[in-house]
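*Asks:* Positions 106 to 394 (our numbering) are the ones given, in order, by the sequence shown.
Virtual Cβ for every residue (Gly too), placed ideally from N, Cα, C.
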Amino acid sequence: MLAFWELAYLAQNSSVRRKAIYLDVNRKPAKIFEQILNQSLSILGEIDLKLAEVGKPPAPTAVILAAPSSTAVSTIPSPPPIPMSQISPLLTSPASSTRKFLEGVQSKDGSTPTLQHVIQKLPYQPPSIAEVEATATKSFKTRMEPFLSSPWGAMFRQSIHATTSQLIPNVGLQVNAVQGISRLVISALTEDEYGTVQKHVPTLLTSFVSTMDALEKYLASPPISWTDVESIQKQEKGELHLVEPRLLLSTLKEGFKDIATAYAPHVDSMEIPPDTKKLVLEARERGLP
Numbered sequence: 106m107l108a109f110w111e112l113a114y115l116a117q118n119s120s121v122r123r124k125a126i127y128l129d130v131n132r133k134p135a136k137i138f139e140q141i142l143n144q145s146l147s148i149l150g151e152i153d154l155k156l157a158e159v160g161k162p163p164a165p166t167a168v169i170l171a172a173p174s175s176t177a178v179s180t181i182p183s184p185p186p187i188p189m190s191q192i193s194p195l196l197t198s199p200a201s202s203t204r205k206f207l208e209g210v211q212s213k214d215g216s217t218p219t220l221q222h223v224i225q226k227l228p229y230q231p232p233s234i235a236e237v238e239a240t241a242t243k244s245f246k247t248r249m250e251p252f253l254s255s256p257w258g259a260m261f262r263q264s265i266h267a268t269t270s271q272l273i274p275n276v277g278l279q280v281n282a283v284q285g286i287s288r289l290v291i292s293a294l295t296e297d298e299y300g301t302v303q304k305h306v307p308t309l310l311t312s313f314v315s316t317m318d319a320l321e322k323y324l325a326s327p328p329i330s331w332t333d334v335e336s337i338q339k340q341e342k343g344e345l346h347l348v349e350p351r352l353l354l355s356t357l358k359e360g361f362k363d364i365a366t367a368y369a370p371h372v373d374s375m376e377i378p379p380d381t382k383k384l385v386l387e388a389r390e391r392g393l394p
């Protein structure tokens with residue numbers, strides 16, 4: 106973290122150190138600038154991966170079922186069909202639901218009807234397991250909400266602020282990385298004698314766009330636990346403020362806008378993906394909010 110803080114400071118305040126980075130073109134296996142760029146992109150890539158996993162259901166556990174043996178033959182004979190008496194008024198009545206049910210479940214070939222087949226023919230269909238679980242969960246949440254809203258329930262809440270801090274720990278690290286690499290790229294226009302930095306600008310801008318998109322999606326729909334009743338209310342009112350993603354998003358937008366403005370004369374000659382190029386032109390013309 107200290108290294109990126111120093112980078113951000115030197116990139117902003119020391120032209121001598123910046124030029125030394127640009128002039129280092131013979132280092133193997135990678136130039137100093139390329140090492141700095143790779144480390145910065147790696148930090149942003151980690152944020153992208155973490156936010157991409159938010160809200161995804163856990164992978165299902167594979168269950169291997171034993172295949173029935175083709176040679177196994179049931180030794181239990183199927184019961185004969187149930188004889189239908191033609192003299193019983195219960196079964197001969199055209200309006201008898203019992204007769205219709207028996208006719209529906211009785212096998213035509215003498216085989217034993219399965220339990221699932223019988224259940225499907227019942228006039229009343231029992232609720233599925235998923236429906237029973239959903240009803241029980243809703244009832245439990247309804248009873249727990251008053252307790253969770255009380256001071257005694259605070260320690261049992263799964264705070265979205267704590268979740269966010271775990272996803273983006275040490276946000277100062279990402280902020281310093283973005284500010285440092287942005288300043289190096291912008292200053293390179295006048296201080297990079299060999300012009301080696303410019304070819305990396307499209308990659309950097311594309312990375313900025315990817316992380317900004319991930320942060321905006323997270324802020325639009327944060328994974329708030331049902332126990333975090335206070336944050337749910339704030340989210341509904343538009344008053345939820347998550348410090349880390351907002352700070353990083355603001356820093357990325359500012360760096361993106363500054364780079365787009367500085368490289369405005371070179372945009373058309375740079376190999377920038379169409380979507381990213383569109384954002385670059387918009388940022389150059391009117392700036393990002």
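When DSSP labels each residue in this structure, what does residue 306 get in the three-state scheme?
*Replies:* Of the three classes helix, strand and coil, the one that applies to residue 306 here is helix, per DSSP.
*Asks:* With residue 360 as the anchor, note down where its alpha helix (DSSP H) starts and where it stops.
*Replies:* From DSSP, the alpha helix (DSSP H) with residue 360 extends over 348-367.
*Asks:* Contact between the region 333-353 and the region 271-289 is defined here as three or more beta-carbon pairs at a separation below 8 Å; is this criterion met?
*Replies:* Flag = yes, the region 333-353 and the region 271-289 touch.
*Asks:* Among the residues of its own chain, which have a CB less than 8 Å from the CB of residue 270, if the five just before and after it don't count?
*Replies:* Answer for residue 270: 349, listed in chain order.
*Asks:* Mapping DSSP to helix, strand and coil, what is residue 299?
*Replies:* In the structure shown, residue 299 sits in coil (DSSP, three-state: anything other than H, G, I, E or B).
*Asks:* Would you mind sorting residue 112 into buried or exposed? The rule is 16 or more other CB atoms within 10 Å of its CB.
*Replies:* Buried: at least 16 other Cβ atoms inside 10 Å.
*Asks:* Using a 10 Å radius around the Cβ and a threshold of 16 neighbouring Cβ atoms, would you call residue 323 buried or exposed?
*Replies:* Per the 10 Å Cβ criterion, buried.
*Asks:* Among residues of its own chain, excluding the 5 on either side of residue 288, which ones have a beta-carbon nearer than 6 Å to its beta-carbon?
*Replies:* Around residue 288: 116 and 117.
*Asks:* In chain order, what are the residue ranges of uninterrupted alpha helix (DSSP H) at least 4 long that sit wholly in the region 306-346?
*Replies:* Qualifying alpha helix (DSSP H) stretches, in chain order: 306-325 and 334-342.
*Asks:* My understanding is that residue 120 touches residue 298, with C-beta atoms under 8 Å, so please give their C-beta distance in whole angstroms.
*Replies:* So it is not a contact: roughly 13 Å between Cβ atoms.
*Asks:* Out of 126, 343 and 150, point me to the one whose CA is closest to residue 309's CA.
*Replies:* The candidate whose alpha carbon is nearest that of residue 309 is 150.
*Asks:* I think residue 153 touches residue 336, with their Cβ atoms under 8 Å apart; what is that distance to the nearest whole Å?
*Replies:* Not really, about 24 Å apart at Cβ, beyond 8 Å.
*Asks:* Here's the rule: buried if 16 or more other CB atoms are within 10 angstroms of the residue's CB, otherwise exposed. What is residue 378?
*Replies:* Result: exposed.
*Asks:* Taking just the CA atoms, how far does residue 263 sit from residue 334?
*Replies:* Using only the alpha carbons, I get a separation of about 9 Å.
*Asks:* Note down the Cα distance separating residue 345 from residue 276, rounded to an integer number of angstroms.
*Replies:* Cα to Cα, the separation comes out at about 18 Å.
*Asks:* How would you write the range of the alpha helix (DSSP H) that residue 157 sits in, first residue to last?
*Replies:* Counting along the chain, the alpha helix (DSSP H) containing residue 157 begins and ends at 137-158.
*Asks:* Once the 5 residues before and after residue 327 are set aside, which same chain residues still bring their CB inside 6 Å of it?
*Replies:* Cβ within range, chain order: 265.
*Asks:* Whole angstroms are fine: how far does the CA of residue 235 sit from the CA of residue 303?
*Replies:* Looking at the two C-alpha atoms, the distance is approximately 56 Å.
*Asks:* What did DSSP end up calling residue 271 once you bin it into helix, strand or coil?
*Replies:* Of the three classes helix, strand and coil, the one that applies to residue 271 here is helix, per DSSP.
*Asks:* Near residue 371, which residues of its chain fall below 6 Å by C-beta distance, leaving aside the five closest residues on each side in sequence?
*Replies:* Answer for residue 371: no residue qualifies.
*Asks:* Quick check on the DSSP output: the alpha helix (DSSP H) that includes residue 161 runs from which residue to which?
*Replies:* Premise fails: residue 161 is in no alpha helix (DSSP H) and is neither H nor E.
*Asks:* Could you tell me the boundaries of the alpha helix (DSSP H) in which residue 131 lies?
*Replies:* Taken as a continuous stretch (DSSP letters only), residue 131 belongs to no alpha helix (DSSP H), as it is neither H nor E.
*Asks:* Grab me the residues of residue 109's own chain with a C-beta within less than 7 Å of its C-beta, minus the 5 sequence neighbours each way, in chain order.
*Replies:* Closer than 7 Å at Cβ, skipping near neighbours: 278, 281, 282 and 285.
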